[in-house]
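Below is one structure, written out as structure tokens, with a few remarks after it.
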Ligand code: DC
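Residue numbers (my numbering): 13 to 304.
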């Protein structure tokens with residue numbers, strides 16, 4: 013499975029803005045689903061129908077689900093949280109205050125951040141490089157975890173990281189994971205998913221993950237940290253975490269993640285089939301002689 017590479021100096025100035033009609037259905041495994049799909053074109057002709065946007069709160073299972081989905085579909089995987097984490101790590105090392113949005117955005121523009129296929133089998137889903145250094149695990153350090161929400165809340169930082177995300181989206185097919193992919197980065201993505209799980213379930217999953225990695229953190233601490241991050245991610249003024257218009261809201265409480273992957277794959281294939289039919293019809297009507 014290819015992983016999207018993000019050269020931070022490359023800039024793409026795509027403009028977006030189309031939304032989709034929304035309708036509600038019940039998820040087959042009992043979760044509430046708000047479903048919609050859109051096949052739209054950018055005013056500049058860009059087609060994002062092959063972008064799968066997966067948003068949702070921390071520890072909802074987005075990365076794992078996205079990795080399997082990307083593998084199944086032969087799509088790229090791009091976890092945009094790694095960009096914000098890399099900027100936070102760069103800020104810690106450079107001593108840039110987490111309150112200084114403009115300097116943090118300067119770091120985001122000047123440093124070279126790359127997300128590439130995994131080169132080690134140590135549990136990583138992809139490699140992250142900061143100015144050529146492998147920072148895949150350092151960006152998961154508690155010191156980064158503690159400040160990344162604050163760093164990512166600055167509108168200047170978000171603006172600095174937007175072009176590279178849109179450049180990757182333009183290269184599709186790609187599964188993009190984040191908090192604002194469906195609302196801001198690629199609002200006309202062919203499939204938009206909001207992965208949700210209760211705080212308790214997410215804390216349990218994250219606690220299990222950390223213990224497997226040898227972290228002796230308590231469940232109560234994990235839960236409190238997730239609650240704090242939820243507050244910052246959802247409460248910030250710039251691109252707050254919320255389900256995009258037309259997104260399928262998939263609640264994963266008690267559902268094995270592989271079952272979630274199947275459900276999402278079905279949603280994608282239906283949307284892509286619909287898109288293919290739409291393209292065929294459009295091609296057909298274009299070929300029709302004008303006098304008919
Ligand atoms: O998904 P994650 O835990 O790696 O994300 C790290 C932080 O980055 C998290 O606090 C939310 C923020 N983020 C964001 O604001 N927008 C995104 N598209 C991705 C992540």
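Glycine included, C-beta positions come from ideal geometry on N, C-alpha and C.
Being a predicted model, the structure only gives us computed values, none of them experimental.
Would a C-beta distance cut-off of 8 Å place residue i and residue j closer than the cut-off?
i           : j           : result
residue 163 : residue 100 : yes
residue 73  : residue 269 : yes
residue 265 : residue 221 : no
residue 251 : residue 170 : yes
residue 305 : residue 204 : Outside the shown range of the chain (13 to 304) lies residue 305, about which nothing can therefore be said.
residue 131 : residue 139 : yes
residue 234 : residue 248 : no
residue 277 : residue 84  : yes
residue 223 : residue 70  : no
residue 202 : residue 287 : yes
List the whole-angstrom C-beta distance separating residue i from residue j, where the pair is believed to meet the contact cut-off of C-beta under 8 Å.
i           : j           : result
residue 98  : residue 151 : 6 Å
residue 118 : residue 207 : Actually they do not touch by this definition, with Cβ atoms about 32 Å apart.
residue 178 : residue 197 : 6 Å
residue 283 : residue 194 : Their Cβ separation, rounded to whole angstroms, is 13 Å, which puts residue 283 and residue 194 out of contact at 8 Å.
residue 199 : residue 256 : 6 Å
residue 285 : residue 245 : In fact, because the Cβ distance is near 34 Å, the residues do not count as touching under 8 Å.
residue 141 : residue 128 : 7 Å
residue 253 : residue 187 : Not quite, the Cβ-Cβ distance comes to about 18 Å (not below 8 Å), so this is no contact.
Taking residue i as the reference, give the member of the options with the closest Cα.
i           : options            : result
residue 61  : 182, 263, 266      : 182
residue 75  : 94, 258, 115, 165  : 94
residue 273 : 79, 70, 258, 65    : 79
residue 82  : 233, 185, 223, 249 : 185
residue 211 : 275, 121, 263, 134 : 263
residue 160 : 261, 141, 233, 113 : 113
residue 158 : 166, 168, 104, 187 : 104
residue 238 : 215, 189, 148      : 215
residue 267 : 228, 279, 209, 243 : 209
residue 153 : 236, 58, 271, 229  : 229
residue 165 : 148, 243, 231, 102 : 243
residue 280 : 148, 149, 63       : 63
residue 77  : 189, 236, 231, 261 : 189
residue 147 : 107, 96, 167       : 96
residue 111 : 167, 176, 231, 261 : 167
By the three-class DSSP mapping on this structure, what secondary structure does residue i have?
i           : result
residue 145 : strand
residue 288 : helix
residue 232 : helix
residue 213 : helix
residue 84  : helix
residue 58  : coil
residue 200 : coil
residue 158 : helix
residue 42  : Any reading at residue 42 needs caution, since the residue's pLDDT is 21, under 50, leaving its predicted position unreliable; the model's value is listed next. Coil at residue 42, not helix or strand.
residue 184 : coil
residue 256 : coil
residue 73  : coil
residue 134 : coil
residue 245 : helix
residue 106 : helix
residue 267 : coil
residue 10  : Lying before the first or after the last residue shown, residue 10 is absent from the chain, which here runs from 13 to 304.
residue 250 : coil
residue 226 : coil
residue 220 : helix
Give a single yes or no on whether residue i has its beta carbon closer than 7 Å to a heavy atom of the ligand PLP.
i          : result
residue 96 : Ligands present in the displayed structure are limited to the ligand DC, and the ligand PLP is not among them.
At the 8 Å Cβ level, is residue i part of the contact set with chain B, yes or no?
i           : result
residue 182 : Although the question refers to chain B, the structure presented lacks it and comprises just one protein chain.
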